[in-house]
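Worksheet: the structure to be examined is printed underneath.
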Amino acid sequence: MIKKTIVSIITSAACFLSIAQESGSYASIFTPSQNPLSTRGLNSIYSAEVLGEGRLSFTLSSAWYMQKKSFIHAPNDGADIITGTLSSGFGVSSYFDIYLALSGYGISGYSRDKDNGGIGTFRGGIQGRLPLPEDLPFFLGARVSILGGTSSNQINDNRSDGFNYFETRTGYDFEAIVMQTIRFGDEGMCVKLHLNEGSVVTLQDEKDHLLLLGMGLQFDPHKAITIGLEVNSRTSLSDADFTKDPLMITPLLQFHTPVNMDFAIGGNIALSKDRDTDRALEPFRFFAGISASFDMLATKRRIAHERHVKDSLDRENERKQRELAESKNIELQARADSIASKAKADSLQLVQQREQERLRADSIAAKAKTDSIQLVEATKKLEEEKSKRTDAEKQLLSTGLLLLDAVYFESGKSSISINSEPYLMIISKMLLKYPKLLIEVSGHTDNVGSMSMNMTLSKARAEAVKYFLIQSSPELSSRITARGYGSSRPKANNSYAEGRKVNRRVELQVLNKEVLLEYNK
Numbered sequence: 185m186i187k188k189t190i191v192s193i194i195t196s197a198a199c200f201l202s203i204a205q206e207s208g209s210y211a212s213i214f215t216p217s218q219n220p221l222s223t224r225g226l227n228s229i230y231s232a233e234v235l236g237e238g239r240l241s242f243t244l245s246s247a248w249y250m251q252k253k254s255f256i257h258a259p260n261d262g263a264d265i266i267t268g269t270l271s272s273g274f275g276v277s278s279y280f281d282i283y284l285a286l287s288g289y290g291i292s293g294y295s296r297d298k299d300n301g302g303i304g305t306f307r308g309g310i311q312g313r314l315p316l317p318e319d320l321p322f323f324l325g326a327r328v329s330i331l332g333g334t335s336s337n338q339i340n341d342n343r344s345d346g347f348n349y350f351e352t353r354t355g356y357d358f359e360a361i362v363m364q365t366i367r368f369g370d371e372g373m374c375v376k377l378h379l380n381e382g383s384v385v386t387l388q389d390e391k392d393h394l395l396l397l398g399m400g401l402q403f404d405p406h407k408a409i410t411i412g413l414e415v416n417s418r419t420s421l422s423d424a425d426f427t428k429d430p431l432m433i434t435p436l437l438q439f440h441t442p443v444n445m446d447f448a449i450g451g452n453i454a455l456s457k458d459r460d461t462d463r464a465l466e467p468f469r470f471f472a473g474i475s476a477s478f479d480m481l482a483t484k485r486r487i488a489h490e491r492h493v494k495d496s497l498d499r500e501n502e503r504k505q506r507e508l509a510e511s512k513n514i515e516l517q518a519r520a521d522s523i524a525s526k527a528k529a530d531s532l533q534l535v536q537q538r539e540q541e542r543l544r545a546d547s548i549a550a551k552a553k554t555d556s557i558q559l560v561e562a563t564k565k566l567e568e569e570k571s572k573r574t575d576a577e578k579q580l581l582s583t584g585l586l587l588l589d590a591v592y593f594e595s596g597k598s599s600i601s602i603n604s605e606p607y608l609m610i611i612s613k614m615l616l617k618y619p620k621l622l623i624e625v626s627g628h629t630d631n632v633g634s635m636s637m638n639m640t641l642s643k644a645r646a647e648a649v650k651y652f653l654i655q656s657s658p659e660l661s662s663r664i665t666a667r668g669y670g671s672s673r674p675k676a677n678n679s680y681a682e683g684r685k686v687n688r689r690v691e692l693q694v695l696n697k698e699v700l701l702e703y704n705k
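If you use my numbering, the sequence shown closes out at 705, no skipped numbers anywhere.
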């Protein structure tokens, strides 16, 4: 029977691989799942992280161990036992998962159980985490489960495998676990510490409540490899004795592929004995698993949204390019007319210039007398001019930076609101007063959406403001540029709505700040 069970598990794994390969066409754009068993975490230690909205995961795992009378209190020496578990999880939201698991077993050389194999137990429940700020390296979550099965499937009523591999003591148990995960490092090289505290309560028979304690250390030296080490302890809440009750150390190794498939191998090592006999636990157990995850909803929705935004921006840019080209043609024609008028007035200007030179010579003597008076008057006039400067002029000339706080756009677009046009016309006329300034229009966004989309949107909005300023004052065309920075230069915390509002902005920045000294004399 155990051979049939092994063949069945291998066949299921092959089918599972084929499903993963067929679905990998769009799932592969995501970082591979870092944790097997579909609920994240290590082998039996859970992570406070969740799968993510729209992500569906499957895991197929199997374990083997042999009973030896020299090690455990076993009725049959040399009995082979194999277990298999198929589990699945689905991310309902960014903070909430549901999961379901079904276990089976096969036995060879075990005469006390009339069945050679069958269904062991099932598990179903929910998991969630607190909506802490995304930049915190700490996650806090909880999970609750209903466990079902029969105690007769636990191999000699849970004595030979005191660590309770089928995870149920009666037909119906309730499990609750609180989880904490602390992350050190980034995705390139990351260390995670997982802590679990929980309890199992029977819903059918009068049995003691179990206390579950666990700790796991997860090291990701590379995006394709995870090295794990975990410690698990289970004891009675009413009669706890950690020196005698089951204690397991589990080293394991995981391999991750670019198509969201993971492979895991490892083993359990028993470090403590049973209370009644020093042969109550098998000393080791080997296991292997394969898991895959698919983004069933979020990928298609996100791609469709980004494509819609990109198409809108492309159409807007094409329209502005056409209008800018027409504006340049008009400007060229105006320059040609100006040259003709200038040639016509050259002769008159020459006569006027000679007359001015004569008058200038006559005034040199008079000018010498009035230099001191003119200096005083010039100083007074300069001070009066400075006092007439607007707040916007003062800010630009003193800091080299001006926030265009009265410029508004439609959500997700670069079209300037008609209410912003009078303000921008005032800004364009103001810039004409300082012809030596070189200005950059800088566009910024918050961190909502992808980096590429935010970069494109910020660039388009900066170009829109530049285009309007040049259209209002064509003389600015040689002194003004535009650049988008996306979400790379936030001024406030993007974790809050008020901070994201501050970060969505357009600014004027002086590129040649040395000229500001001249205007601030």
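Ideal Cβ placement from N, Cα and C applies to all residues, glycine included.
Query raised in the report: Since A247 and R469 are thought to touch, with beta carbons under 8 Å apart, how far apart are those beta carbons, to the nearest angstrom?
Result: 6 Å
Report task. Determine the burial state of P216: buried for a count of at least 16 other Cβ atoms within 10 Å of its Cβ, exposed for fewer. Result -> Residue placement at P216 cannot be trusted, given a pLDDT of 29 that sits under 50; the coordinates are not used to answer.
Query - Straight-line gap, A590 to Y607 (C-alpha atoms, nearest Å) - result: 7 Å
Report task. Look at the alpha carbon of L270 and the alpha carbon of E359, and state the distance between them as a whole number of angstroms. Result -> 19 Å
Report task. Rounded to whole angstroms, what's the CA-CA distance from L616 to E659? Just pull it up for me. Result -> 8 Å
**Report entry** First and last residue of the uninterrupted beta strand (DSSP E) at N380
**Finding:** C374 to T386
Query raised in the report: Is the distance from the Cβ of Y669 to the Cβ of S626 below 8 Å?
Result: Taking 8 Å as the Cβ cut-off, Y669 and S626 qualify as a contacting pair.
Requested in this report: Return the residue from the list G596, R663 and I523 that minimises the CA-CA distance to D630.
Outcome: G596
Report task. Would you identify the three-state DSSP class for Y249, choosing helix, strand or coil? Result -> strand
Query raised in the report: CB A326 to CB I361, shorter than 8 Å?
Result: yes
Query raised in the report: Which runs of the beta strand (DSSP E) fall wholly inside the region 579 to 621 and span at least 3 residues, in chain order?
Result: 585 to 587
Query raised in the report: So what's P658 in DSSP terms, helix, strand or just coil?
Result: Under the three-state reduction of DSSP, P658 is assigned to helix.
Report task. Label G412 either buried or exposed according to how many other C-beta atoms from any shown protein chain fall within 10 Å of its C-beta, with 16 as the threshold for buried. Result -> buried
Query raised in the report: Between the C-alpha atoms of H378 and Y230, what's the straight-line distance to the nearest angstrom?
Result: 7 Å
**Report entry** Three-state class that DSSP yields for L437 in the structure shown
**Finding:** strand
Report task. Classify V632 as helix, strand or coil using the three-state DSSP reduction. Result -> coil
Query - Coil, strand or helix - G450 by DSSP - result: Three-state DSSP puts G450 in a strand.
Query raised in the report: Going along the chain, which residues of its own chain have a beta-carbon closer than 6 Å to the beta-carbon of V694, five neighbours each way excluded?
Result: Apart from the 5 residues on each side of it in sequence, V694 sits with its Cβ closer than 6 Å to the Cβ of G584 and L621 in its chain, given in chain order.
Query raised in the report: From which residue to which residue does the alpha helix (DSSP H) around N687 run?
Result: A681 to N687
**Report entry** N513 versus P317 - alpha carbon distance
**Finding:** 52 Å
Query raised in the report: Since D264 sits in a beta bridge, which residues does DSSP pair it with?
Result: M250 and S292
Query raised in the report: What distance in whole Å lies between the Cβ atoms of L396 and G382, which are believed to be in contact at a cut-off of 8 Å?
Result: 4 Å
Query raised in the report: With a Cβ-Cβ cutoff of 8 Å, do L431 and S417 count as a contact?
Result: Yes, Cβ-Cβ distance for L431 and S417 is below 8 Å.
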